[in-house]
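One structure is given below, encoded as structure tokens.
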Amino acid sequence: SGNKIIAGQEIKIPNSTDVKTKSKNDDYHIVENGETLYSIAIMYNTSVQKIKTLNHLSSSKIIVGQKLKVG
1 SGNKIIAGQE IKIPNSTDVK TKSKNDDYHI VENGETLYSI AIMYNTSVQK IKTLNHLSSS
61 KIIVGQKLKV G
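Here you go:
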């Protein structure tokens, strides 16, 4: 699953300039290269499961350019 981290795996942790502030107009997010459901969930202060539910996703696989409902 895309939610598990294994020993030795490289992960990207966004710094404060990468974190977006959620507003009422930020209902959707367009997936960019290197992003995961987890990193997007952090940006919008939500959970991976909520994003998966909102978008009817059965797995954590996402692709660049995909439009995701985040709120």
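Heads up: the sequence shown begins at 1 in our numbering, then just goes up one per residue. Glycine included, every Cβ here is placed at the ideal spot set by N, Cα and C.
Short Cβ contact (8 angstroms threshold) for residue i with residue j
i   : j   : result
I40 : V70 : yes
G65 : I30 : yes
Y28 : K4  : no
Residue range of the beta strand (DSSP E) that includes residue i
i   : result
L68 : K67 to K69
Anticipated Cβ contact below 8 angstroms, residue i with residue j, distance rounded
i   : j   : result
L37 : S60 : 5 angstroms
Alpha helix (DSSP H) segment containing residue i, residue limits
i   : result
I30 : Careful: I30 lies outside any alpha helix (DSSP H), inside the beta strand (DSSP E) at Y28 to I30.
Proximity winner among the options, relative to residue i (alpha-carbon distances)
i   : options        : result
I13 : I6, E35 and A7 : E35
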